[in-house]
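One structure is given here, and the rest of the page talks about it.
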Amino acid sequence: MAYCDQIGSDKHGCCVMQRCLEKGLKRQKLALADVIISRIHYLIEDPFGNYLVQNVLKLKCEMRNDQILNFIAGDFVRLSQLKFSSNVIEKCLETG
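Heads up: the sequence shown is residues 20 to 115, going by the numbering used here.
Written out as structure tokens, the structure is:
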């Protein structure tokens with residue numbers, strides 16, 4: 020968790036974390052999702068980190084998606100107007 024911001028906001032680090040979310044064991048994916056959600060306030064507005072938040076949504080874990088939606092709901096207007104976080108909001112709307 021200590022390096023999540025640094026790794027998730029790096030082009031190559033983000034790609035590695037995305038592969039972990041796609042290919043890891045279920046418990047590993049959920050553990051990584053928890054770390055990403057704990058740093059959502061930083062990652063959602065990052066050019067690369069926003070992809071990690073989107074990939075957590077793809078896991079279709081209701082509890083984690085609710086956590087993301089609750090975060091977004093608290094700052095919806097601002098986040099929907101920003102370049103990178105608006106991508107996450109769009110993914111939320113697509114995944115329902």
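Quick reminder that beta carbons are idealized off the backbone N, C-alpha and C, glycines included.
Quick caveat: nothing in here was measured; it's all calculated off a predicted structure.
Here the C-alpha atom of S99 lies approximately 32 angstroms from the C-alpha atom of L44. A distance below 7 angstroms between beta-carbons, with the five flanking residues on each side excluded, links V72 to the following residues of its chain, in chain order: I55, I59, L62, I63, I87, V107. Its Cα nearest to that of L101, the residue N69 stands out among N69, E81, Q25.
Annotation for E64: no alpha helix (DSSP H) segment contains it, and DSSP assigns it neither H nor E.
Ranking C34, D85, Q25 by CA distance to the CA of D53 puts D85 first. Straight-line measurement puts the Cα of K42 at about 33 angstroms from the Cα of R97.
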